[in-house]
Amino acid sequence: MPLTIPREEYMEQGHTACAGCGAALSMRYMLKAAGPKTALAIPACCWSVVPGEFPATNLKVPLLYTPFAAAGAAISGLREGLDAQGKEDYNVFAFAGDGGTADIGLQGLSAAMERGHNVIYIMYDNEAYMNTGIQRSGSTPYGAWTTTTPVGMKRDFKKQNKKFVADLMIAQNVPYVATATIGYPEDLERKISIAKSIKGPKFIQILSPCPPGWYHNSADTVKISRLAVESKVFPLYEFRNGKFSLFKPGKTARLTDYLSLQGRFAHLKDDEIKVIEESVNERWSYLLKKEQS
Amino acid sequence: MPFLPITYASTSTKILSSWRTSKPVIDYTKCTRCAICWKFCPDVAIDLVVDSRLKSPNEKFSSLEAPSIDYDHCKGCGICETECPFGAIEMVREEE
Numbered sequence: 073m074p075l076t077i078p079r080e081e082y083m084e085q086g087h088t089a090c091a092g093c094g095a096a097l098s099m100r101y102m103l104k105a106a107g108p109k110t111a112l113a114i115p116a117c118c119w120s121v122v123p124g125e126f127p128a129t130n131l132k133v134p135l136l137y138t139p140f141a142a143a144g145a146a147i148s149g150l151r152e153g154l155d156a157q158g159k160e161d162y163n164v165f166a167f168a169g170d171g172g173t174a175d176i177g178l179q180g181l182s183a184a185m186e187r188g189h190n191v192i193y194i195m196y197d198n199e200a201y202m203n204t205g206i207q208r209s210g211s212t213p214y215g216a217w218t219t220t221t222p223v224g225m226k227r228d229f230k231k232q233n234k235k236f237v238a239d240l241m242i243a244q245n246v247p248y249v250a251t252a253t254i255g256y257p258e259d260l261e262r263k264i265s266i267a268k269s270i271k272g273p274k275f276i277q278i279l280s281p282c283p284p285g286w287y288h289n290s291a292d293t294v295k296i297s298r299l300a301v302e303s304k305v306f307p308l309y310e311f312r313n314g315k316f317s318l319f320k321p322g323k324t325a326r327l328t329d330y331l332s333l334q335g336r337f338a339h340l341k342d343d344e345i346k347v348i349e350e351s352v353n354e355r356w357s358y359l360l361k362k363e364q365s
Numbered sequence: 314m315p316f317l318p319i320t321y322a323s324t325s326t327k328i329l330s331s332w333r334t335s336k337p338v339i340d341y342t343k344c345t346r347c348a349i350c351w352k353f354c355p356d357v358a359i360d361l362v363v364d365s366r367l368k369s370p371n372e373k374f375s376s377l378e379a380p381s382i383d384y385d386h387c388k389g390c391g392i393c394e395t396e397c398p399f400g401a402i403e404m405v406r407e408e409e
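Residue numbers (our numbering), protein chains in the order written: chain Z, 73 to 365; chain C, 314 to 409.
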């Protein structure tokens, strides 16, 4: 049977990610598309512990750990250094979590994109600070339980909406911006390949479900990421040279199908689900309008 | 200087089989060698091998690459069971 994604593995077995980790799948697909000529910078996030303890690593590409806020700055330097050595065929990637992108690393990311280095910034979005114990981040959606937005006698779930970093990057007019998820590996691989072919800064946001943080069964990781797209909670889109295109899923799912699989939304009442539904529909029509304009 | 990590030791020698509570078992008579389980494994614990001993009722499938689970690295997440479109993978509880 012909394989739909490249066969070569640049991520090996023996890493320390949890069972059913979405971020591990993101890295696996990303490296398959990126190939061996890749330099990687990882700020503090789950992936700064997943490769294994020194000197062992499960990645077959060079890896640079950076401080939390410095992923954008580190890839800018890596790129310019490689260019000075004449190694322009190498691709420089940042692989950062949502905390290191949406909150702490936002200035570094924004500055790297503004300076226009030829780099690819990957944000794997697991919607909270999962590595340190599920604290709320800017990318956590409305209604979610986290350890800093607890739900008990007092229902203190997150009352703010998710920050869409890919939208911020479009506002900054980055040459290539895309959202992807692990439920569609062929689409993810295609988007990384396109990003590799474009000169200039690129940004890709990958939704990566997290079984311990989202309180779902580890077997449902891929199913949930697919449901997120089908229920329009996480729309897949591409922005290339000023042109915006939105992926319209062939199969649609109800919002409750997506929410009911996750324990972090288990406390929600009907009127709160309605609030989520309204904001999802509002965002979908906003994106449709953006595509037509 | 080669463009490689300065110290490179692979983690693939680590045994992680103690992490799981149940293990996936493939029924090769139902498997159509579509490689979807290989595609969605976050632990890269499914290899594609050509093994004539893995019999399938359909002769066409027997000569194709079949998925084979690496039980040293499988963490038993169960994604392969959920994603298999033919129900050929079953999670079996690990014995003590």
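Backbone N, C-alpha and C fix where the C-beta goes; we use that ideal spot for every residue, glycine too.
The structure displayed is predicted, hence computed values, not measured ones.
Pick from the options that is closest to residue i, judged by C-alpha positions
i, options, result
"Z/Glu310", "Z/Arg208, Z/Ile266 and Z/Gln207", "Z/Ile266"
"Z/Met241", "Z/Ile194, Z/Met225 and Z/Met83", "Z/Ile194"
"Z/Met83", "C/Thr345, C/Leu377 and C/Ala358", "C/Ala358"
"Z/Ser365", "Z/Ile264, Z/Glu349, Z/Leu75 and Z/Ser317", "Z/Ser317"
"Z/Asn198", "Z/Leu360, Z/Gly171, Z/Ile348 and Z/Ser351", "Z/Gly171"
"Z/Arg355", "Z/Cys282, Z/Glu125, Z/Tyr256 and Z/Phe306", "Z/Phe306"
"Z/Lys320", "Z/Thr328, Z/Glu363 and Z/Pro284", "Z/Glu363"
"C/Cys393", "C/Tyr321, C/Pro370, C/Arg406 and C/Cys354", "C/Cys354"
"C/Ser381", "C/Glu408, C/Tyr321 and C/Arg366", "C/Arg366"
CB contact below 7 Å: residue i versus chain C
i, result
"Z/Gly86", "yes"
"Z/Ala338", "no"
"Z/Ala156", "no"
"Z/Lys323", "no"
"Z/Thr253", "no"
"Z/Leu81", "According to the sequence displayed, residue 81 of chain Z carries Glu and not Leu. Taking Cβ atoms only, chain C reaches closer than 7 Å to Z/Glu81, which makes this a yes."
"Z/Thr293", "yes"
"Z/Ala128", "yes"
"Z/Leu97", "yes"
"Z/Gly169", "no"
"Z/Ala91", "yes"
"Z/Leu299", "no"
"Z/Leu30", "Residue 30 of chain Z is absent from the structure shown; chain Z starts at 73 and stops at 365."
"Z/Gly335", "no"
Under the three-state DSSP convention, the category residue i falls into
i, result
"Z/Pro257", "helix"
"Z/Phe306", "coil"
"C/Val363", "coil"
"Z/Lys230", "coil"
"C/Glu403", "strand"
"Z/Val121", "coil"
"C/Ser369", "coil"
"Z/Pro281", "coil"
"Z/Ala116", "coil"
"Z/Glu319", "According to the sequence shown, residue 319 of chain Z is Phe rather than Glu. Of the three classes helix, strand and coil, the one that applies to Z/Phe319 here is coil, per DSSP."
"Z/Asn274", "Reading off the sequence shown, one finds Lys at residue 274 of chain Z, where the question assumed Asn. Strand at Z/Lys274."
The ligand SAM heavy atom lying under 6 Å from the CB of residue i
i, result
"Z/Ser332", "This structure simply doesn't include the ligand SAM, nor any ligand for that matter."
Cutoff 7 Å: residue i Cβ touching any chain Z Cβ
i, result
"C/Thr395", "yes"
"C/Phe353", "yes"
"C/Pro334", "It should be pointed out that residue 334 of chain C corresponds to Thr in this sequence rather than to Pro. Answer no: the Cβ-Cβ gap between C/Thr334 and chain Z never drops below 7 Å."
"C/Cys390", "yes"
"C/Ser365", "no"
"C/Thr342", "no"
"C/Val338", "no"
"C/Ser323", "yes"
"C/Ile358", "The sequence given here has Ala at residue 358 of chain C, not Ile. At least one chain Z Cβ lies under 7 Å of C/Ala358."
According to DSSP, residues forming a beta bridge with residue i
i, result
"Z/Gln207", "Z/Tyr201"
"Z/Asn163", "Z/Thr110"
"Z/Glu363", "Paired residues: none, contrary to the question."
"Z/Gln334", "Its beta-bridge partners do not exist; DSSP assigns none."
"C/Lys352", "BP columns for C/Lys352 are empty, so no partner."
Would the region 185-195 of chain Z and the region 268-279 of chain Z be scored as touching if the rule is three or more Cβ pairs under 8 Å?
yes
Is the region 285-298 of chain Z touching the region 228-247 of chain Z in the sense that three or more CB pairs, one from each, lie closer than 8 Å?
no
The region 107-123 of chain Z / the region 133-151 of chain Z touching (three or more Cβ pairs under 8 Å)
yes
State whether the region 341-360 of chain C contacts the region 389-402 of chain C, with contact taken as three or more CB pairs (one from each stretch) at a distance under 8 Å.
yes
Inspect the CB distances between the region 274-282 of chain Z and the region 337-347 of chain Z and report whether three or more fall short of 8 Å.
no
Decide yes or no for the touch test of the region 333-344 of chain C against the region 356-363 of chain Z: beta carbon pairs closer than 8 Å, at least 3 of them.
no
Counting pairs of Cβ atoms below 8 Å between the region 141-152 of chain Z and the region 174-189 of chain Z, do you hit three or more?
yes
Counting pairs of beta carbons, one from the region 85-94 of chain Z and one from the region 116-130 of chain Z, are three or more of them closer than 8 Å?
yes
With a cut-off of 8 Å, do at least 3 Cβ pairs link the region 86-101 of chain Z to the region 292-299 of chain Z?
yes
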